[in-house]
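Chains as they are written, first to last, in my numbering: chain A, 1 to 108; chain B, 1001 to 1179. Where is the CB? At the ideal position from N, CA and C, for every residue including glycine. From a predicted model like this one, the values you see are computed outputs, not experimental measurements. Heads up, the thing below is written out as structure tokens.
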């Protein structure tokens, strides 16, 4: 019984990163609540991180750069989650809802 | 092709399981109706991604993924769901099916385009590696070459946390707006 050596090829990581990105885009368009859109945005950032780490492992001459960039992406994602969640709480306090179709005060 | 009954084959099986956990978590995160289940799927997906990072020779980034994403971001989102109390069910709307199909098409198009780009490009590996990318090298790079960015990201995090506190507390005189 044999198995392909998948974990040593660049393509499988790139496909996984593209899959995470596509699912994140799908979730961002499809979700109706702000928290669901935030969850999908985290998936998009995660796909970008997987791409950076794959290129770092296979192609980069300096293998620390991609790891450091991924750490910075994590810091940015943490800051984004904190800000977005506090904005969502503020929106909920004003509108009593976190659904995007209810927050239409500027719609005219 | 390697045999399953060797160490490499077992490692490949674990790799496939890690990919399965990642994709399953992402599917749960994007498709479940209740948001708390979506957060659980997101945590599962991040655990799988930490395994992916481990296979990419970066145990340090895998540990950071577990600490920051699974431990901090998912718990923060769970707190927001508890505080905001979103409506659990999907509201019956006319454009639900159309929006679902269109968003699925958007996701599939992005995935297909990126995969085709990755498959068509002839990736050229670097002629030589400068170092082995260990945790020691990461620390040295962080505090020498990237020290400015390191300080900037700490300032950004501080501003974000203070901004979150300012936004999250009830404003003066507006706090008692209860329905």
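Sequence-distant residues of the same chain with beta carbon closer than 8 Å to residue i, five excluded per side
i	result
residue 63 of chain A	56, 57
residue 12 of chain A	6
Residue i versus residue j - alpha carbon distance
i	j	result
residue 1161 of chain B	residue 1105 of chain B	37 Å
residue 22 of chain A	residue 73 of chain A	18 Å
residue 1121 of chain B	residue 66 of chain A	20 Å
residue 1097 of chain B	residue 1026 of chain B	21 Å
residue 155 of chain A	residue 1144 of chain B	The structure shown does not extend to residue 155 of chain A, since chain A is modelled only from 1 to 108, so the question has no answer here.
Residue-chain proximity (residue i, chain B), Cβ-Cβ < 8 Å
i	result
residue 20 of chain A	yes
residue 86 of chain A	yes
residue 37 of chain A	no
residue 9 of chain A	no
residue 41 of chain A	no
Closer than 8 Å to chain A by CB, residue i
i	result
residue 1144 of chain B	no
residue 1054 of chain B	no
residue 1028 of chain B	no
residue 1148 of chain B	no
C-beta contact flag for residue i and residue j at 8 Å
i	j	result
residue 1084 of chain B	residue 92 of chain A	yes
residue 1056 of chain B	residue 54 of chain A	yes
residue 1008 of chain B	residue 1014 of chain B	no
Test: residue i CB closer than 8 Å to a CB of chain E
i	result
residue 1064 of chain B	Given the protein chain composition of this structure (A and B), no chain E is represented.
Beta-carbon proximity list for residue i, same chain, < 7 Å, skipping 5 on both sides
i	result
residue 1155 of chain B	none
residue 1148 of chain B	none
residue 1053 of chain B	1061, 1062, 1065
residue 105 of chain A	none
Beta-carbon contacts of residue i that lie in its chain and below 6 Å, excluding the five residues immediately before and after
i	result
residue 1043 of chain B	1070, 1074
residue 70 of chain A	49, 52, 53
residue 3 of chain A	none
Short of 8 Å Cβ to Cβ, which residues in the stretch 51-79 of chain A face chain B? Listed by position, the residues of the stretch 51-79 of chain A near chain B (Cβ gap below 8 Å) are 53, 54, 56, 57, 58, 59, 60, 61, 62, 63, 64, 65, 67, 68, 70, 71, 72, 74, 75, 76, 77, 78, 79.
Please name the residues in the stretch 86-107 of chain A whose beta-carbon is closer than 9 Å to at least one beta-carbon of chain B, in chain order. Taking 9 Å as the Cβ-Cβ cut-off against chain B, the residues of the stretch 86-107 of chain A that qualify are 86, 87, 88, 89, 90, 91, 92, 93, 94, 96, 97, 98, 99, 101.
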